[in-house]
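One structure is given here, and the rest of the page talks about it.
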Amino acid sequence: LEKSRAHRILWLLEELELEYELKLYHRDPATGLAPKELSDIHPLGKSPLLELDYRDGKETKKIAESGLIITYLIRHFDTDGKLKPINEEDEEEAEYYLHFSEGTLQPLLTYTLLHEIAYSRTRESAKPAIDTFLDRVDGSYTTPNLSKAFDSLEQKLKKRCEELEYTSSSKEIFFVGHKLSAADIILEFNASLAFRDPELIKPIHRSKYVYLSKWLSQIKQRPAFVRSVDKIQKMGNDEYTIYY
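This is the structure we're talking about:
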């Protein structure tokens with residue numbers, strides 16, 4: 001689904017070098033939501049959706065929710081241990097970020113995004129009142145919590161770099177352990193969305209988050225990530241935008 005978190009699942013499939021069939025969907029132009037076709041596949045009618053077809057004739061398995069899809073793919077298909085945590089502590093930390101991304105970070109980002117979209121569609125005469133109300137909500141809840149969440153990510157990466165004495169700008173940094181994990185996969189979209197447009201997610205400015213910016217730049221240079229973007233562009237004739 002264009003402009004959605006589904007892209008990170010495609011990226012993970014590329015990292016794991018799995019065989020898959022990609023289906024692209026446009027959002028409903030009237031509502032901005034997922035099209036009806038996705039409801040025909042799963043009751044929630046949302047993306048991402050993963051369908052597993054078994055060659056032995058077993059019934060197709062359908063999995064929804066980003067965190068579960070990421071966990072399932074790594075648990076069952078990461079045969080080389082490319083992303084699997086090496087110990088229980090790393091496993092718990094990676095799982096924490098799956099919940100943090102979807103349960104804490106994304107709702108705040110989604111609210112901020114919807115706030116901007118709704119305001120842009122409000123008739124001019126009503127904008128002052130709406131603006132006053134939203135400013136109060138943002139000032140007391142959304143902005144401080146978004147800042148706190150991104151500050152925690154920045155401090156985490158800063159601490160990791162200091163502990164590991166990373167001084168080279170080319171040295172890769174990750175949220176968990178010394179390699180790519182579910183945490184990096186799930187957090188990429190959150191960071192990309194927040195950094196994409198300073199006017200859209202106003203509390204978050206990339207210049208403030210040096211370590212998070214470095215991490216995101218390195219992520220986007222990974223061959224599997226580049227392949228996933230290229231696949232969408234080529235298959236969709238550049239008509240499917242990944243981010244808002």
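Following our numbering, the numbering of the sequence shown begins with 1 at its first residue and continues without gaps. Ideal Cβ positions, reconstructed from N, Cα and C, are used throughout, including at glycine.
Leaving out five residues on either side along the sequence, give the residues of the same chain with a beta carbon under 7 Å from the beta carbon of residue i.
i       : result
Ile-86  : Gly-177
Lys-156 : Phe-175
Leu-105 : Ala-149, Asn-190
Could you tell me whether the Cβ atoms of residue i and residue j are closer together than 7 Å?
i       : j       : result
Tyr-209 : Glu-162 : no
Ala-180 : Phe-174 : Note that residue 180 is Leu in the sequence shown, not Ala. It is a contact, given that the beta carbons lie within the stated cut-off.
Ala-194 : Ile-201 : yes
Tyr-243 : Arg-206 : no
Ala-274 : Glu-15  : With the chain covering only 1 through 244, there is no way to say anything about residue 274.
Ala-191 : Leu-216 : yes
Tyr-211 : Lys-158 : yes
Ser-125 : Pro-203 : no
Ser-101 : Leu-187 : yes
State the Cα-Cα distance for the pair residue i and residue j, rounded to the nearest angstrom.
i       : j       : result
Glu-103 : Tyr-141 : The displayed chain sequence assigns Gly, not Glu, to residue 103. So the alpha carbons of these two residues sit roughly 15 Å apart.
Trp-11  : Pro-128 : 42 Å
Leu-52  : Tyr-72  : 11 Å
His-99  : Ile-41  : 25 Å
Thr-122 : Lys-36  : 26 Å
Tyr-54  : Glu-17  : 17 Å
Asn-145 : Glu-91  : 26 Å
Tyr-97  : His-26  : 29 Å
Thr-143 : Gln-233 : 34 Å
Lys-84  : Glu-95  : 11 Å
In terms of alpha-carbon separation, which member of the options lies closest to residue i?
i       : options                         : result
Pro-29  : Gln-106, Asp-230, Lys-3, Leu-16 : Lys-3
Ile-74  : Leu-109, Glu-19, Leu-13         : Leu-13
Gln-218 : Ala-34, Lys-84, Lys-171, Thr-31 : Lys-171
Glu-21  : Tyr-211, Lys-231, Tyr-240       : Lys-231
Which same chain residues, not among the five before or five after residue i, have their C-beta less than 6 Å away from its C-beta?
i       : result
Pro-198 : His-205
His-7   : Ile-242
Problem set entry | Three CB pairs or more closer than 8 Å across the segment 59-71 and the segment 39-51 | Under the 8 Å Cβ criterion, the segment 59-71 counts as touching the segment 39-51, having at least three qualifying pairs.
Exercise. Do the segment 112-120 and the segment 73-84 make contact, defined as three or more Cβ pairs closer than 8 Å?
Worked result: Look at the beta carbons and you see the segment 112-120 not touching the segment 73-84: under three pairs across the two are nearer than 8 Å.
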